[in-house]
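See structure below.
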Amino acid sequence: MPTYPLEPFDLDFFDTAPITHKFSVNLPVSPERAWGELTRQNTLDWCRLIKAITFTSPAPYGVGTTRSAELAPGYARLSERFFVWDEEPDTGRYRHAFYVEQANVPSLRKFGELSKIEPSGGGCRFTWSFAIELAGPMGKASKFALPVIKKAFSTLETDTVKYFATLR
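Under numbering that gives the first Met the number 0, the residue at position 40 of the sequence shown is numbered 39, and the numbers go up by one with no gaps.
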């Protein structure tokens with residue numbers, strides 16, 4: 000399958016993208032445990048929409064780390080590059096963000112995710128943000144794609160809450 004280059008961006012895009020989605024949930028695990036789950040090989044295996052996530056850079060991970068993603072049922076493949084990677088174990092605050100460098104989906108111009116973890120009560124608060132700009136004719140139809148995209152992202156929230164509830 001051919002791949003298509005996507006455009007890189009900075010943190011501002013998570014606020015200005017034509018399509019954004021964000022959710023925050025309280026998780027019943029420590030910030031360190033949540034971060035460990037998000038930064039392990041094959042992370043997000045609890046999400047129905049994700050078939051495989053593989054870090055393609057060696058540990059330790061940080062800015063410049065690369066990862067490949069295969070979305071279920073296996074048609075979409077993405078190459079990701081992290082441009083933010085903050086770890087503050089002393090405060091329990093963690094954050095990373097990536098943009099997709101290449102995808103086998105021609106309708107994407109920009110796509111990325113921002114994940115934040117911070118202490119909250121006896122566990123942590125996890126905030127997951129998504130930013131998308133569609134390309135070509137799809138870009139002009141973004142408002143029509145929005146309900147489908149938001150529905151897909153809602154499964155990520157449901158699956159994440161269910162998974163972390165099993166880690167108590």
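Beta carbons are placed, not taken as given, at the ideal position from N, Cα and C, and that holds for glycine. These numbers come from a predicted model, not from an experiment.
{"Query": "Select from Leu77, Phe97, Trp45 the residue whose C-alpha is nearest the C-alpha of valine 62.", "Result": "Phe97"}
{"Query": "I think leucine 155 touches cysteine 46, with their Cβ atoms under 8 Å apart; what is that distance to the nearest whole Å?", "Result": "5 Å"}
{"Query": "I'd like the span of the alpha helix (DSSP H) that includes tryptophan 182, first residue to last.", "Result": "Not covered by the structure: residue 182. The range shown for the chain is 0 to 167."}
{"Query": "Whole angstroms are fine: how far does the CA of proline 105 sit from the CA of aspartate 89?", "Result": "42 Å"}
{"Query": "Taking the beta carbon of tyrosine 74 as the centre, do at least 16 other beta carbons fall within 10 Å, making it buried, or is it exposed?", "Result": "exposed"}
{"Query": "What's the C-alpha gap between arginine 94 and aspartate 9?", "Result": "14 Å"}
{"Query": "Would a C-beta distance cut-off of 8 Å place threonine 126 and serine 56 closer than the cut-off?", "Result": "no"}
{"Query": "Is the Cβ-Cβ distance between glutamate 87 and leucine 5 less than 8 Å?", "Result": "no"}
{"Query": "Does aspartate 158 come out as helix, strand or coil in the three-state DSSP assignment?", "Result": "helix"}
{"Query": "Taking arginine 32 as the reference, give the member of Asp85, Asp158, Phe54, Ile116 with the closest Cα.", "Result": "Ile116"}
{"Query": "On the DSSP letters alone, give me the boundaries of the beta strand (DSSP E) that phenylalanine 22 sits inside.", "Result": "18-26"}
{"Query": "Smallest Cα separation from leucine 113: which of Ser119, Asp85, Gly120?", "Result": "Asp85"}
{"Query": "Is the beta carbon of leucine 26 closer than 8 Å to that of cysteine 123?", "Result": "yes"}
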